[in-house]
Structures are given as structure tokens and as C-alpha cells.
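What follows is a single structure, written as C-alpha cells, with notes after it.
In mature numbering (1 follows the signal peptide of the UniProt record, and there is no 0), the protein residues as written are -17 to -1, 1 to 278.
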């Protein structure tokens, strides 16, 4: 009797096992549906990354960051089909971030995979503008093709402002005046005693150094630089007397149209904008000393 019971139990267990096996899905057992899912390619329509600054900077609320995906594999062509660098390739996608906030900044660029040619070279370009300051990439950031990934890390470097470029070029010129032809002069006026040195190169006035003693009204020590016979940069130190410490320093530069580029005054360890009237006064002084000393 015991043998019969064990046989019935065994038969029942086998039957239940068979039922469980027949109701399981092929996906659970790694069947054909699993294989098809594994073979399906993943979507590849996104470039992501992070942008940092080489040197920390305090940005204004108006700072604007632009990130683009660009095809740089071939030089663009003009209407005649000739290669030209004057017309850059249009970005595949561009994103503008403003206000920028704080760094690092993460970004995500969605693009149409149909626009990507596996034989071409693609890069992410980032550029930021904050007032007169530009921030550029020192290195390219390839993505997508030729072994590059969809993720990049970008570093931006602050560029000199036009005013800073003028001041740096002015300082470079000042270092060269020792090799120029020098002519000195003086003039005694009703309210001032004036002395100057004129520095010429190739017959053209490049630099004039002027000192003016206004008696009890103060003393000025001014360096003027010229381009094509026109005032370019003027840096004037104002003092209470010749041997006194500098009270303030005014710095102005002008573009080819005579409009101020650099216009600032340094006083008491602080820098502020020079007024239009003060900038105009310095320009007038630069023109007058050029007429007087440049003869």
C-alpha cells in the first residue's frame, strides 16, 4: 500500500512541474525575444558634457554661454564651389545658456542621427561672452565619430578685452622707445611749465612723454602713444606736486574712428570709469602736444 501512495505523489509532482514549464514565457528562459532585444541598437542622438573655467571668474547676470555641435571635417565652399574659410560650417545644433550661473556647467545637445556621417569629424564648440570679455576653448572637443565618445569635458579660457589688449600693446611699445630717435623740448607758459620727449621710428612719432608743472594746481606726468599720426593711448598720472605720490591715474585708448575703448581711472586702489569729458580732455591734450612737440 505504501508503494502505491509514493507512486501517486511522484506522478502528481511531475504533472505540476510540467504545467509550470509550459506556462513560463520564452523571455524568462532567454528565448528568441531576449535575443532580439539584445541585438537592437541603443538610441544615439545626444551629446553631453561639462564646461569649466581655467581661472575662476565673477560673471555678470548678462553672461551668455553658447554650445554647438559642428561638422569640421571639410572646409566650407562658396557659391562657386571653391573652399573658403570665410564662411564657417553651420552648427548641427546649438544651445544658449543665459544666465550662466556658476561653474561647472553641464549641457546636453539633442541631434538628428540622420545628419551624422560616420566618415566626418564632429566637435563641440563652446563660447561665452560677458560684457567685453570673451571666453574661448584652447583645445577642440571631438565627439561621435572616429573613436570619439558622446561625452566631453571642456575648459574655457578668458581672453583679453579690447581695452586690455590696447594697454598691453602700449606697455610693449613703451619698452621699445629706447631704440627710437629722441628729441626733447620745453615751453614756459603763463600758468604752466611744460617739458617733453618725442620718440620717432621711421620718421613717424610713436610716443611722447610729457611733464607739466601747474604750480600750486598740481603736476601731471603723461605718456602718449600714436598710430598713423592720431592719438591711440594716453596714460596720465596726476599729483599735487612733482615729488608727491600719484593721486590718480587716467588711462584712455581710442579706436581708428577716435572712439574711446579703454576709459578708466585708478584712484585709492579702486578702478572706475573715466567720464566722457575727461576722456575728451586727454584726447585734446594728446593732439596738442603732438602739434607742439612733433614739429
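For every residue, glycine included, the Cβ atom is placed at its ideal position computed from N, Cα and C.
Would you decide whether residue 32 is buried or exposed? Buried here means 16 or more other CB atoms lie within 10 Å of its CB.
buried
DSSP three-state label for residue 279, please.
Nothing can be reported for residue 279: it is not among the residues displayed for the chain, which extend from -17 to 278.
Roughly how many angstroms separate the alpha carbons of residue 261 and residue 54, rounded to a whole number?
49 Å
Residue 183 vs residue 206 beta-carbon contact at 8 Å
no
Once DSSP output is grouped into helix, strand and coil, what is the label at residue 199?
helix
Distance, Cα to Cα, residue 220 vs residue 231?
6 Å
So, with DSSP's three-state summary, where would you put residue 146?
helix
To the nearest angstrom, report how far apart residue 9 and residue 27 are at their CA atoms.
With a pLDDT of only 39 at residue 9, under the threshold of 50, the placement of this residue in the model should not be trusted, and no figure is reported.
So, do the region 110 to 125 and the region 89 to 99 have three or more beta carbon pairs nearer to each other than 8 Å?
no
Do residue 156 and residue 111 have their beta-carbon atoms positioned less than 8 Å apart in this structure?
no
Between residue 228 and residue 222, what straight-line distance do the alpha-carbon atoms span, to the nearest angstrom?
6 Å
Return the chain-ordered list of same chain residues with a C-beta closer than 7 Å to the C-beta of residue -8, the five sequence neighbours on each side being excluded.
Bear in mind that a pLDDT of 44 at residue -8, under 50, signals an unreliable position, so the number given afterwards is only what the model happens to contain. No residues qualify anywhere along the chain.
What separation, rounded to the nearest whole angstrom, lies between the Cα atoms of residue 259 and residue 176?
27 Å
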